[in-house]
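Visitor: Dropping a structure here in structure tokens format, bear with me for questions.
Numbering (UniProt numbering), first residue to last: 1 to 355.
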């Protein structure tokens with residue numbers, strides 16, 4: 001049962017549809033009403049009390065390498081950010097803190113913060129006895145032209161499916177100057193971990209536009225060495241992102257701010273439609289709560305940063321009746337191998353195969 005769900009997860013991920021089919025067979029069909037848990041008080045250390053007082057202590061996924069939890073990653077990111085910026089709870093924290101799923105056992109825990117240069121730092125972690133999921137992202141304010149830090153991790157006792165990247169705000173394939181500005185000096189970092197984490201398989205052409213040359217997209221079986229390497233990659237990538245935002249000057253040109261705002265809004269619009277994890281969230285907490293969590297927490301900013309819809313940005317997905325085509329890829333191409341060379345140059349059609 002788990003293997004079929006992992007296959008479904010991996011296939012859906014090729015369109016950045018992260019979590020849309022995760023472990024469906026593992027979720028109980030019993031209809032226990034989702035319990036919204038009260039918000040916790042965030043202590044001055046920021047990291048000491050993640051869950052509400054009503055939330056059960058988090059379980060640790062048992063893997064062959066021993067106990068493992070993604071909470072360590074969240075703690076690191078918050079502590080490290082606090083050393084660079086005045087990090088305070090986001091207004092979202094009051095509403096989005098933690099939930100218990102309809103199965104009565106799976107826990108969803110949310111955290112959200114903001115800072116002078118950070119519009120939103122947020123994390124969603126999902127745990128039950130069969131899986132762990134971490135969806136962690138940091139978005140700069142539009143006044144700062146900085147990539148989006150993105151970590152999407154999925155783990156069971158048999159496999160880990162991983163994406164770690166500094167998602168470019170603008171297309172690094174078409175805009176060489178943007179790639180040179182942000183990613184040229186990071187190529188050695190990407191090469192270091194691409195040797196440890198081989199390319200994870202097919203990735204659609206549409207999705208690729210939202211990844212950078214240093215993306216880690218990989219799958220591996222459980223082992224302590226792999227988890228240690230993943231934690232090392234997470235810490236180094238996050239430190240690199242913090243350095244970028246530390247050095248980023250505040251934009252004063254209104255047209256440039258608008259350009260950044262629209263780029264981030266386009267990214268959020270794509271992610272909400274193609275990578276919300278809506279499928280598993282719907283099974284966990286129901287359709288209404290899932291839609292709310294996706295739009296207003298995971299991809300918060302859709303209503304504030306712009307007014308365009310998905311088809312305004314991606315008209316190629318429009319069906320004859322005006323609805324959105326649910327196909328993973330309209331182009332019908334995907335990348336079986338890493339599409340960037342050791343210098344970070346896009347190698348185009350090399351390795352492109354039908355989706």
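Beta carbons: idealized from backbone N, C-alpha and C, even for Gly.
(1) Between the Cα of residue 200 and the Cα atoms of 345, 339, 343, which residue gives the shortest distance?
(2) Put residue 222 into one of helix, strand or coil per three-state DSSP.
(3) For residue 358, name the three-state secondary structure that DSSP assigns.
(4) Count the other C-beta atoms from every protein chain shown that fall within 10 angstroms of the C-beta of residue 249, then say buried if there are 16 or more, exposed otherwise.
(5) Taking just the CA atoms, how far does residue 107 sit from residue 128?
(6) Work out the CA separation of residue 158 and residue 224 for me, nearest whole Å.
(7) Does DSSP put residue 208 in a helix, in a strand, or in coil?
(8) When the Cα of residue 261 is compared with those of 307, 76, 103, which residue comes out closest?
(9) Go ahead and label residue 255 buried or exposed: buried means 16 or more other beta carbons lie within 10 angstroms of its beta carbon, across all protein chains shown.
(10) Output the boundary residues of the alpha helix (DSSP H) element that contains residue 76.
(11) Thinking C-alpha only, which one of 167, 204, 221, 233 is nearest residue 191?
(12) What is the DSSP secondary structure of residue 249, reduced to helix, strand or coil?
(13) Less than 7 Å between the beta carbons of residue 132 and residue 155, yes or no?
(14) Assuming residue 334 and residue 205 are in contact, meaning their beta carbons sit under 8 Å apart, how far apart are those beta carbons, in whole angstroms?
(15) Using the C-alpha atoms, what's the distance from residue 100 back to residue 160?
(16) Is residue 228 helix, strand or coil when you go by DSSP?
(17) Can you list, in chain order, the stretches of the alpha helix (DSSP H) that have 4 or more residues and sit fully within the segment 134-201?
(18) Within the same chain, show all residues whose beta-carbon is closer than 8 Å to that of residue 184, passing over the 5 residues directly before and after it, in chain order.
(19) For a minimum of 4 consecutive residues, which ranges assigned as the alpha helix (DSSP H) are wholly contained in the segment 107-138?
(20) Taking buried to mean at least 16 other C-beta atoms within 10 Å of its own C-beta, is residue 19 buried or exposed?
(21) Going by C-alpha distance, which of 151, 170, 305 is nearest residue 122?
(22) Decide if the segment 76-86 is in contact with the segment 270-282; the criterion is three or more beta carbon pairs, one per stretch, under 8 Å apart.
(23) Output the distance between the C-alpha atoms of residue 27 and residue 290, rounded to the nearest integer angstrom.
(24) Assuming the contact rule is C-beta atoms closer than 8 Å, residue 244 and residue 182 should be a hit. Round their C-beta distance to whole Å, please.
(25) Check whether the Cβ atoms of residue 216 and residue 193 lie closer than 7 Å to each other.
(26) Is residue 168 closer than 7 Å to residue 147 when the C-beta atoms are compared?
(27) Tell me, to the nearest whole angstrom, how far the beta carbon of residue 109 is from that of residue 125; I am working on the premise that it is less than 8 Å.
(28) Grab me the residues of residue 299's own chain with a C-beta within less than 6 Å of its C-beta, minus the 5 sequence neighbours each way, in chain order.
(29) Around the C-beta of residue 72, are 16 or more other C-beta atoms found within 10 angstroms, so that it is buried, or is it exposed?
(30) According to DSSP, is residue 257 part of a helix, a strand, or is it coil?
Guide: Taking the coordinates as given:
(1) Along the chain shown, read from residue 1 onward, the residue named residue 200 stands at position 200. The residue with the shortest Cα to Cα distance from residue 200 is 339.
(2) Within the chain shown, numbered from 1, the residue matching residue 222 stands at position 222. If DSSP states are grouped into helix, strand and coil, residue 222 belongs with coil.
(3) Within the shown structure, residues of the chain are numbered from 1 to 355, placing residue 358 beyond reach of any answer.
(4) Sequence index remark: in the chain shown, residue 249 carries index 249 (1-based). Flag for residue 249 reads exposed.
(5) On the chain shown, position 128 is the one that residue 128 refers to. On the chain shown, position 107 is the one that residue 107 refers to. Those two C-alpha atoms are separated by around 7 Å.
(6) In the chain shown, counting from the first residue as 1, residue 224 sits at position 224. In the chain shown, counting from the first residue as 1, residue 158 sits at position 158. Using only the alpha carbons, I get a separation of about 13 Å.
(7) Locating residue 208 in the chain shown gives position 208, counting from the first residue. Here residue 208 sits in helix by DSSP.
(8) In the chain shown, the residue the question calls residue 261 occupies position 261. Nearest option by C-alpha distance: 307.
(9) Locating residue 255 in the chain shown gives position 255, counting from the first residue. Exposed, because fewer than 16 other Cβ atoms sit within 10 Å of the Cβ of residue 255.
(10) By 1-based counting over the chain shown, the position of residue 76 is 76. It spans 71-82 - the alpha helix (DSSP H) in which residue 76 sits, taken as one unbroken run.
(11) Here residue 191 corresponds to residue number 191 of the chain shown, with the count starting at 1. Residue 233 is the option with its Cα nearest to residue 191.
(12) As a position in the chain shown, residue 249 is number 249, starting the count at 1. In the structure shown, residue 249 sits in coil (DSSP, three-state: anything other than H, G, I, E or B).
(13) Against the chain shown, residue 132 aligns to sequence position 132. Against the chain shown, residue 155 aligns to sequence position 155. Yes, Cβ-Cβ distance for residue 132 and residue 155 is below 7 Å.
(14) Numbered from 1 along the chain shown, position 334 holds the residue referred to as residue 334. Numbered from 1 along the chain shown, position 205 holds the residue referred to as residue 205. Contact flag correct, Cβ pair sits at about 7 Å.
(15) One-based indexing of the chain shown puts residue 160 at position 160. One-based indexing of the chain shown puts residue 100 at position 100. Between residue 160 and residue 100, the C-alpha separation is close to 23 Å.
(16) For the purposes of this step, residue 228 is taken as the residue at position 228 of the chain shown. Three-state DSSP puts residue 228 in a helix.
(17) 176-182, 187-196
(18) As a working note, residue 184 is residue 184 in the chain shown. The residues are 344.
(19) none
(20) As a first step, residue 19 must be located in the chain shown, where it is residue number 19. The predicted position of residue 19 is uncertain, since its pLDDT is 38 and thus under 50; no value can be drawn from it.
(21) Translated into the one-based positions of the chain shown, residue 122 becomes position 122. Nearest option by C-alpha distance: 151.
(22) no
(23) As a working note, residue 27 is residue 27 in the chain shown. As a working note, residue 290 is residue 290 in the chain shown. Per-residue confidence for residue 27 stands at a pLDDT of 45, beneath the threshold of 50, marking its modelled position as unreliable; no derived number is given.
(24) For this step, residue 244 is matched to residue 244 along the chain shown. For this step, residue 182 is matched to residue 182 along the chain shown. Rounded, the Cβ-Cβ distance is 7 Å, consistent with contact.
(25) Start at 1 with the first residue of the chain shown, and residue 216 comes out as number 216. Start at 1 with the first residue of the chain shown, and residue 193 comes out as number 193. Going by C-beta atoms, residue 216 is nearer than 7 Å to residue 193.
(26) Walking along the chain shown from the start, residue 147 turns up at place 147. Walking along the chain shown from the start, residue 168 turns up at place 168. Closer than 7 Å, so yes.
(27) Residue numbering aside, residue 109 sits at position 109 when the chain shown is read from its first letter. Residue numbering aside, residue 125 sits at position 125 when the chain shown is read from its first letter. Going by Cβ atoms, the distance from residue 109 to residue 125 rounds to 5 Å, so yes, they are a contact pair.
(28) Within the chain shown, numbered from 1, the residue matching residue 299 stands at position 299. Taken in chain order, the residues that qualify are 268, 271, 272.
(29) Walking along the chain shown from the start, residue 72 turns up at place 72. Looking at its Cβ environment, which holds fewer than 16 other Cβ atoms inside 10 Å, residue 72 is exposed.
(30) The sequence position of residue 257 within the chain shown is 257, counting from 1. Helix at residue 257.
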